[in-house]
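If you're matching positions, the sequence shown starts at 268 in the numbering used here and goes up one per residue.
Right, one structure below, let's go through it.
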Amino acid sequence: MLFWSKKEASRKFIDLIRRSSSWWANWDPSIQITAGDYGEIDTTSGQFVKEGNIYTSSDKSIADLAAQFQVVSEVALDKYIINSSTAKQHDLEADVNFNVTGFANACLKGQWKFNHSRGALLIMHMPSITRVPDEFLDKSLADGLLRDKTLVTRVYKCPAYALYLSNKTNETVSLALAADVPSIVAPGVSPGAGKGVKWVDDGIAGLLQKGYNDEAVFVPLYSIRKITKRKIRRESFDENAPRGDFWANVEAPWGFLDDDGEEEVIEYMR
Numbered sequence: 268m269l270f271w272s273k274k275e276a277s278r279k280f281i282d283l284i285r286r287s288s289s290w291w292a293n294w295d296p297s298i299q300i301t302a303g304d305y306g307e308i309d310t311t312s313g314q315f316v317k318e319g320n321i322y323t324s325s326d327k328s329i330a331d332l333a334a335q336f337q338v339v340s341e342v343a344l345d346k347y348i349i350n351s352s353t354a355k356q357h358d359l360e361a362d363v364n365f366n367v368t369g370f371a372n373a374c375l376k377g378q379w380k381f382n383h384s385r386g387a388l389l390i391m392h393m394p395s396i397t398r399v400p401d402e403f404l405d406k407s408l409a410d411g412l413l414r415d416k417t418l419v420t421r422v423y424k425c426p427a428y429a430l431y432l433s434n435k436t437n438e439t440v441s442l443a444l445a446a447d448v449p450s451i452v453a454p455g456v457s458p459g460a461g462k463g464v465k466w467v468d469d470g471i472a473g474l475l476q477k478g479y480n481d482e483a484v485f486v487p488l489y490s491i492r493k494i495t496k497r498k499i500r501r502e503s504f505d506e507n508a509p510r511g512d513f514w515a516n517v518e519a520p521w522g523f524l525d526d527d528g529e530e531e532v533i534e535y536m537r
């Protein structure tokens with residue numbers, strides 16, 4: 268089954284990426300998610316629904332505190348690739364039968380073999396992280412702010428991404444970010460002049476989304492946390508163990524999903 272509900276497809280992709288990395292995927296990376304946003308996860312689509320941002324919050328106490336701790340930017344990586352356990356990366360060069368124009372001189376390329384179960388793949392080119400400083404998290408926790416809010420603490424942004432949700436057909440998918448050089452070059456113009464960059468693909472059987480821009484405008488991944496009460500088991504009581512509330516990673520607000528993104532209902536025998 269390929270063309271199931273878009274909401275179920277997005278939730279399945281997000282769930283697979285989260286299980287493989289602990290990061291939350293953005294099904295539509297052109298939708299902006301910013302470090303400091305707060306809101307909730309839509310239980311049907313799996314997408315983040317923004318309510319506000321700590322730096323522009325109408326709650327003066329939140330905005331005043333956030334102003335003291337501005338977003339921190341980290342150095343960009345060359346690439347970041349996440350794939351579910353149902354996909355294995357292969358050596359593209361070893362495939363003697365593979366010959367697609369654009370792959371030879373690609374700056375980023377790879378090949379993945381999917382099995383009969385639903386699989387997910389996310390590729391980011393030159394991604395960088397922006398994050399809310401830990402000092403803000405500590406101070407907001409101490410001041411009792413943002414309780415019951417899901418806070419975006421870290422965000423990956425990049426100029427190029429590709430995401431793929433497999434079709435359960437054991438497909439082998441190849442993807443590359445390659446220079447788009449015209450086959451015919453005008454007189455007096457060098458072959459490299461004015462060339463663009465594009466995604467090249469082969470073997471696609473499922474859902475593929477991809478994008479490229481000169482600027483880092485896409486947000487494929489983000490991390491969210493929520494203030495949670497710390498649980499201490501009576502049988503393993505430790506007087507030195509941390510107590511009180513803390514900023515915890517957010518768990519998925521749904522149970523186990525089948526291959527088509529439907530939540531499985533477990534019936535217990537009486």
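Just so you know, even glycine gets a beta-carbon here, dropped at the ideal spot from N, CA and C.
Could you tell me the boundaries of the alpha helix (DSSP H) in which residue i lies?
{"i": "F403", "result": "D401 to D410"}
Which partner residues does residue i have in the DSSP bridge list?
{"i": "H392", "result": "K346 and A427"}
{"i": "T397", "result": "S340 and V422"}
So what's residue i in DSSP terms, helix, strand or just coil?
{"i": "R285", "result": "helix"}
{"i": "D469", "result": "strand"}
{"i": "K435", "result": "coil"}
{"i": "S264", "result": "Within the shown structure, residues of the chain are numbered from 268 to 537, placing residue 264 beyond reach of any answer."}
{"i": "E482", "result": "coil"}
{"i": "G522", "result": "coil"}
{"i": "G303", "result": "coil"}
{"i": "V464", "result": "strand"}
{"i": "L474", "result": "strand"}
{"i": "I298", "result": "coil"}
By the DSSP assignment, the beta strand (DSSP E) with residue i in it spans what residues?
{"i": "A354", "result": "A354 to H357"}
{"i": "I329", "result": "Taken as a continuous stretch (DSSP letters only), I329 belongs to no beta strand (DSSP E), being part of the alpha helix (DSSP H) at K327 to A333."}
{"i": "Y322", "result": "Y322 -> no beta strand (DSSP E), and no H or E assigned at all."}
{"i": "W514", "result": "D512 to N516"}
{"i": "P487", "result": "F485 to K496"}
{"i": "C378", "result": "Sequence check: residue 378 is Gln here, not Cys. Start and end: L375 to F381."}
Between the C-alpha atoms of residue i and residue j, what's the straight-line distance to the nearest angstrom?
{"i": "E518", "j": "S433", "result": "24 Å"}
{"i": "L474", "j": "I491", "result": "26 Å"}
{"i": "A483", "j": "K496", "result": "37 Å"}
{"i": "I321", "j": "S288", "result": "26 Å"}
{"i": "N516", "j": "N293", "result": "17 Å"}
{"i": "Y305", "j": "F513", "result": "16 Å"}
{"i": "L442", "j": "S328", "result": "47 Å"}
{"i": "Q476", "j": "A334", "result": "36 Å"}
{"i": "R421", "j": "N372", "result": "33 Å"}
{"i": "T301", "j": "F370", "result": "33 Å"}
{"i": "L524", "j": "Y431", "result": "18 Å"}
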